[in-house]
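Report on the following structure.
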Amino acid sequence: VDLSSPRSPFIAWPLKRVCAEATFVPGLVFICDNNSGGPGNIRNFILTCVRYAIEAGATALILPRIRTRSEDNLSNIFRDYEPFGYMFDEVHFRAGMGAACPQIKIYAELESVPGVIAKMEKEKLLLEKMVEMIAPKDYGNRGGCDRRDPNRHTDRFGQSFRKWMNESASERGLDAVTRDKPRLIRLRWGVIWDWPIYRDGQDFVATYGGLLRIRDDILDLGGSISAAMRSLVGSSNANELGAGRGFLGVHLRTERDALEQWPSYGNQIAGYIRQAENQGFRGGVAYLASGNETEAQRFAKDALKDVGLHVYSKHDVLQGSDLERLKSLSWDQQALVDFAVLLESDYFVGVSPSSFSINVAMKRHLKGDGVYTRPWKVGGPGDGRSWLVGRYEKYWEDWLFMFDGMWP
77 VDLSSPRSPF
87 IAWPLKRVCA
97 EATFVPGLVF
107 ICDNNSGGPG
117 NIRNFILTCV
127 RYAIEAGATA
137 LILPRIRTRS
147 EDNLSNIFRD
157 YEPFGYMFDE
167 VHFRAGMGAA
177 CPQIKIYAEL
187 ESVPGVIAKM
197 EKEKLLLEKM
207 VEMIAPKDYG
217 NRGGCDRRDP
227 NRHTDRFGQS
237 FRKWMNESAS
247 ERGLDAVTRD
257 KPRLIRLRWG
267 VIWDWPIYRD
277 GQDFVATYGG
287 LLRIRDDILD
297 LGGSISAAMR
307 SLVGSSNANE
317 LGAGRGFLGV
327 HLRTERDALE
337 QWPSYGNQIA
347 GYIRQAENQG
357 FRGGVAYLAS
367 GNETEAQRFA
377 KDALKDVGLH
387 VYSKHDVLQG
397 SDLERLKSLS
407 WDQQALVDFA
417 VLLESDYFVG
427 VSPSSFSINV
437 AMKRHLKGDG
447 VYTRPWKVGG
457 PGDGRSWLVG
467 RYEKYWEDWL
477 FMFDGMWP
């Protein structure tokens, strides 16, 4: 099984083993909707939240909603919610959780959870007022840890959380949690890179992210683009050397919401052009993923001038009804189309610390060894399939902690 494929099946047994070791608490409900940002951030928040829910012993999970961003101001990432299906395949997620973790029931909405309506009436509270917000790092002695540090107490989180839950119920005069007297928990915003992924073993790391598959219509658009790119590779636009190498995938991260300290356009293109030449793409074909149309056009001109690289975007490749479907998608949904195509490219260059680029590289890293895949070498020469330009000197300032907490 090629675990790097955007359509790879979910391998359930590593998660099933983790769930078999959990201590489940009937009536404990987790809500994993405090997400925001691009697909990389949202995907990782949901996966991290579900992992905490399992460790806590939740027996109910509210199907995560997706927080959208403003189409007019990309840095405004706290707009209205959309359903889970805005980005991901709900049927696939439910089937995966059902196969691996049947102890947890997934509910479409909070009101459907047994006992919630009765609890509202008894406590005379609005639904959201009954939801308790927690920060997982609070359930462990963090003396000496940097506040940004990944959670060093995940092995003890479940035990510490359940102790707090019982003690706080007693102190506040609440009923002990049962199936009919639920306790509703939501993680604080920002719990994205909290869980040190390799604590669960390399087989779990390689497979767990497969729970969240991009929805089918978006994957279909990505498949159409990948097929078109392969046709372009064999066309007269590419010379013989470049055509023999397949197509290069490029992520240019210069949109308005990019942080100032991240690698600039100049840093990115210098690294990308050098790597394209090193990998044999001179005179070849590249697929460019970028949300900045002006910079994308600039990149295409510079790449053609410097190494004869013919650059195409999703808008260049799609036609007719496919192009209309693409235009109907939001900015972040279109980014998922890019994600699917970049996974299928023959070589990928991206930028650290973009969570999107890192996610693509780490997912592609699974192709060779599958469940036996060793960790990505941060700041190294790449794995032969991907390479990331960036600064790798300072763990915090250069955002290197993301590599320790991102699920492929």
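Sequential numbering from 77 applies to the sequence shown in our numbering.
From the three backbone atoms N, C-alpha and C, an ideal C-beta is built for every residue, glycine too.
Predicted model only: the values in this text are computed from it and were never measured.
With DSSP as the reference, label residue i as helix, strand or coil.
| i | result |
| --- | --- |
| A319 | Unreliable placement is indicated for A319, whose pLDDT of 48 sits below 50; no coordinate value is reported for it. |
| E247 | helix |
| H229 | coil |
| R143 | strand |
| R259 | strand |
| Y388 | strand |
| T283 | helix |
| E469 | coil |
| I434 | helix |
| I294 | helix |
DSSP puts residue i in a beta bridge; with which residues?
| i | result |
| --- | --- |
| Y183 | I138 |
| W463 | V425 |
| A365 | H327 |
My understanding is that residue i touches residue j, with C-beta atoms under 8 angstroms, so please give their C-beta distance in whole angstroms.
| i | j | result |
| --- | --- | --- |
| V425 | W463 | 5 angstroms |
| L186 | I107 | 7 angstroms |
| G481 | I273 | 6 angstroms |
| G113 | A282 | About 24 angstroms; that fails the 8 angstroms criterion. |
| P339 | G103 | No, P339 and G103 are not in contact; Cβ-Cβ is about 48 angstroms, not under 8 angstroms. |
| I122 | L288 | 6 angstroms |
Should residue i go down as buried or exposed, given a rule of 16 or more other Cβ atoms within 10 Å for buried?
| i | result |
| --- | --- |
| M438 | buried |
| D156 | exposed |
| E369 | exposed |
| L201 | exposed |
| K205 | exposed |
CB residue i to CB residue j, shorter than 8 angstroms?
| i | j | result |
| --- | --- | --- |
| A416 | G298 | yes |
| R291 | G161 | yes |
| A176 | L91 | yes |
| D270 | N227 | yes |
| L260 | E208 | yes |
| L79 | G325 | no |
| Y448 | Q235 | no |
| Y363 | Y388 | yes |
| I118 | N111 | yes |
| I138 | M163 | no |
| T144 | S428 | no |
| S433 | R329 | yes |
| V383 | A352 | yes |
| R275 | A211 | no |
| V77 | F280 | no |
Please indicate yes or no: does the CB of residue i lie closer than 7 angstroms to some heavy atom of the ligand SAM?
| i | result |
| --- | --- |
| Y183 | Ligands displayed in this structure: none; no statement on the ligand SAM is therefore possible. |
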